[in-house]
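First the structure, in the form of structure tokens, and then the observations on it.
There are 2 protein chains.
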Amino acid sequence: MQVVVPFAAETPKTRLESVLSPVERSTVARAMLTDVVSALVETGHEPTVLSTASLADANGPGLSSLPAAVTVDDRPLTEAVNARLPTTVGETVAVVMADLALATPTALERLFSADADVVIAPGRGGGTNALVVRHPSFRVDYHGASYLDHVRIAREVGASCVSIDSFRLSTDIDEPGDLVEVLLHGDGQAAATLEELGFGLEIDEGRVAVSRSGGVRRQ
Amino acid sequence: MQVVVPFAAETPKTRLESVLSPVERSTVARAMLTDVVSALVETGHEPTVLSTASLADANGPGLSSLPAAVTVDDRPLTEAVNARLPTTVGETVAVVMADLALATPTALERLFSADADVVIAPGRGGGTNALVVRHPSFRVDYHGASYLDHVRIAREVGASCVSIDSFRLSTDIDEPGDLVEVLLHGDGQAAATLEELGFGLEIDEGRVAVSRSGGVRRQ
Numbered sequence: 001m002q003v004v005v006p007f008a009a010e011t012p013k014t015r016l017e018s019v020l021s022p023v024e025r026s027t028v029a030r031a032m033l034t035d036v037v038s039a040l041v042e043t044g045h046e047p048t049v050l051s052t053a054s055l056a057d058a059n060g061p062g063l064s065s066l067p068a069a070v071t072v073d074d075r076p077l078t079e080a081v082n083a084r085l086p087t088t089v090g091e092t093v094a095v096v097m098a099d100l101a102l103a104t105p106t107a108l109e110r111l112f113s114a115d116a117d118v119v120i121a122p123g124r125g126g127g128t129n130a131l132v133v134r135h136p137s138f139r140v141d142y143h144g145a146s147y148l149d150h151v152r153i154a155r156e157v158g159a160s161c162v163s164i165d166s167f168r169l170s171t172d173i174d175e176p177g178d179l180v181e182v183l184l185h186g187d188g189q190a191a192a193t194l195e196e197l198g199f200g201l202e203i204d205e206g207r208v209a210v211s212r213s214g215g216v217r218r219q
Numbered sequence: 220m221q222v223v224v225p226f227a228a229e230t231p232k233t234r235l236e237s238v239l240s241p242v243e244r245s246t247v248a249r250a251m252l253t254d255v256v257s258a259l260v261e262t263g264h265e266p267t268v269l270s271t272a273s274l275a276d277a278n279g280p281g282l283s284s285l286p287a288a289v290t291v292d293d294r295p296l297t298e299a300v301n302a303r304l305p306t307t308v309g310e311t312v313a314v315v316m317a318d319l320a321l322a323t324p325t326a327l328e329r330l331f332s333a334d335a336d337v338v339i340a341p342g343r344g345g346g347t348n349a350l351v352v353r354h355p356s357f358r359v360d361y362h363g364a365s366y367l368d369h370v371r372i373a374r375e376v377g378a379s380c381v382s383i384d385s386f387r388l389s390t391d392i393d394e395p396g397d398l399v400e401v402l403l404h405g406d407g408q409a410a411a412t413l414e415e416l417g418f419g420l421e422i423d424e425g426r427v428a429v430s431r432s433g434g435v436r437r438q
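If you read the sequences in order, they're chains A and B. Heads up, the first sequence is in our numbering, so the first residue is 1 and it goes up one at a time. Heads up, the second sequence is in our numbering, so the first residue is 220 and it goes up one at a time.
Shown next as structure tokens:
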């Protein structure tokens, strides 16, 4: 099974701009990428990072220790992923997003071992956070409510399709409120990076929030 | 195993007040309660609804067809639940929140079959959405970041503790943004009720939102 991890190297995580500078967003995005790749390696796979730009050149710290090959493909996400999906029966390709900071080997194993032509780990808000494709006609479309689209596309091409019920894989880190989950449940580089940047839990009634203090906002 | 479903009968779902009238909030809350109880019954258990008031008297539609016994306990949630937790070795009590509109028998079975003294299904934002307790000294504290508190309390009383990785059980329906998940993944009374009230998916780039149209806002 090939495992592909798409990564937007140049302007990552723009929806975190209210709480993180561009360089910080890049640092956090690369920490999450490292956590995802590390969890994948622990499952025994050799992931390939599909990056929109060279990770050495792009804005942000280098990733010399990333345990994965990096392939640069500057096409839009949907196109770049579709170019790597199976074209013949018997091939399997998994696509795992780079911002699943809570991904664990156990959660990923559940994804990989589910028995269907198309296995989807839905993200909150209708996204597709991770995907296993074993059907040569299935293609992705990441625009809009991609979860619903992918279920529909699977049906249209005659591929069996199941969803994986995982909180960890449903949690993509896009918005400031998502950082809470990294601080609550993460134990990798992303959590450590957020703590270094001064983020902490703000505990009140209702859901927990994040606050930031002490961290120098670096440009 | 006893299964308890706490339910705030009188002023349910106040954080939905920007999109639903009081009577509508009560209707949606009772639809979610019905979905949760139905999923529990499908797992072969006989849940007890622990309601803050009689469901016949409280503001909102009656629930004559609810397949569960209803016990009224007007104490605060933490106190009411603690009064029902195991006091002797060998007892097991599960506590499942009434607003887990995506709960399925499969997800609940995973919760019930996990092997530990305390099994927690964390909610988004650090809550405790469902819980199985098999230790006579464990007690709950639902204030603040209850997930972290429950992990700590289990450790303090010497109880083994595991978390269940379930998107469905992590999704409590508290805020307008949560309604998206009901429309995307729900197939019970809660989803049908929201559709009747005019809610639909608003599909754009990024996460899917909800919009409301056609529904008459009833008081």
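By construction, the Cβ of each residue, glycine as well, lies at the ideal position given by its N, Cα and C atoms. As the structure is a computational prediction, the values presented were derived from the model and not from experiment.
Taking C-beta pairs closer than 9 Å, name the residues in chain A that residue i reaches, listed in chain order.
i	result
S430(B)	Chain A residues near S430(B): none, gap ~13 Å exceeds 9 Å.
G427(B)	Reading off the sequence shown, one finds Val at residue 427(B), where the question assumed Gly. Those are G125, G126, G127, G144, A145, Y147, L148, listed as they occur along chain A.
L420(B)	G126, A145, L148
List the residues of chain A that residue i touches, going by C-beta distances under 7 Å, in chain order.
i	result
A320(B)	The premise fails here: A320(B) is roughly 14 Å from chain A at the closest Cβ pair, so nothing lies under 7 Å.
Please decide whether residue i counts as near chain A, where near means a Cβ-Cβ distance under 9 Å.
i	result
A409(B)	no
E400(B)	yes
D254(B)	no
R329(B)	yes
V435(B)	Low confidence applies to V435(B): its pLDDT is 44, below 50, so where it sits in the model is not reliable enough to give any reading.
E415(B)	no
Could you spell out the range, first to last residue, of the beta strand (DSSP E) harbouring residue i?
i	result
A94(A)	93-96
V429(B)	428-431
V399(B)	Careful: V399(B) lies outside any beta strand (DSSP E), inside the alpha helix (DSSP H) at 398-404.
T347(B)	347-352
T297(B)	It is not in any beta strand (DSSP E) - T297(B) instead sits in the alpha helix (DSSP H) that spans 296-301.
V289(B)	288-291
L50(A)	48-51
P122(A)	118-122
F331(B)	Unbroken run through F331(B) is the alpha helix (DSSP H), 324-332; no beta strand (DSSP E).
L194(A)	Segment 189-196 is the alpha helix (DSSP H) holding L194(A); no beta strand (DSSP E) there.
E229(B)	That residue, E229(B), is in no beta strand (DSSP E); it is neither H nor E in DSSP.
G419(B)	418-421
Are there 16 or more other CB atoms within 10 angstroms of the CB of residue i, so buried, or fewer, so exposed?
i	result
D172(A)	buried
G342(B)	buried
D254(B)	buried
R134(A)	buried
G44(A)	exposed
G90(A)	exposed
R374(B)	exposed
E24(A)	buried
A317(B)	buried
Q295(B)	Note that residue 295(B) corresponds to Pro in the displayed sequence, not to Gln. Exposed, because fewer than 16 other Cβ atoms sit within 10 Å of the Cβ of P295(B).
G377(B)	exposed
T14(A)	exposed
R249(B)	buried
S379(B)	exposed
D336(B)	buried
T87(A)	exposed
D334(B)	exposed
A83(A)	exposed
S432(B)	exposed
A9(A)	buried
For a contact defined as C-beta to C-beta under 7 Å, what are the partners of residue i on chain B?
i	result
A107(A)	D384
In chain B, what lies closer than 8 Å to residue i by C-beta?
i	result
G186(A)	Simply none; closest approach about 13 Å.
S170(A)	F386, S389
H204(A)	Note on identity: in this sequence residue 204(A) is Asp, with His being the wrong assignment. Simply G363.
P122(A)	F386, L403, H404
Residue i lies in the alpha helix (DSSP H); which residues open and close that run?
i	result
A29(A)	22-42
T87(A)	Here T87(A) belongs to no alpha helix (DSSP H), and DSSP marks it neither H nor E.
V151(A)	146-156
S166(A)	Element bounds for S166(A): n/a, residue is neither H nor E.
Any beta carbon of chain B sitting closer than 9 Å to that of residue i?
i	result
T104(A)	yes
L50(A)	no
G177(A)	yes
Can residue i be considered in contact with the ligand PLP, in the sense that its beta carbon sits closer than 8 Å to one or more heavy atoms?
i	result
R358(B)	Looking at this structure, you won't find the ligand PLP or any other ligand, since it has none at all.
In chain order, what residues of the region 290-307 of chain B put their CB closer than 8 Å to some CB of chain A?
Cβ proximity to chain A below 8 Å picks out nothing from the region 290-307 of chain B.
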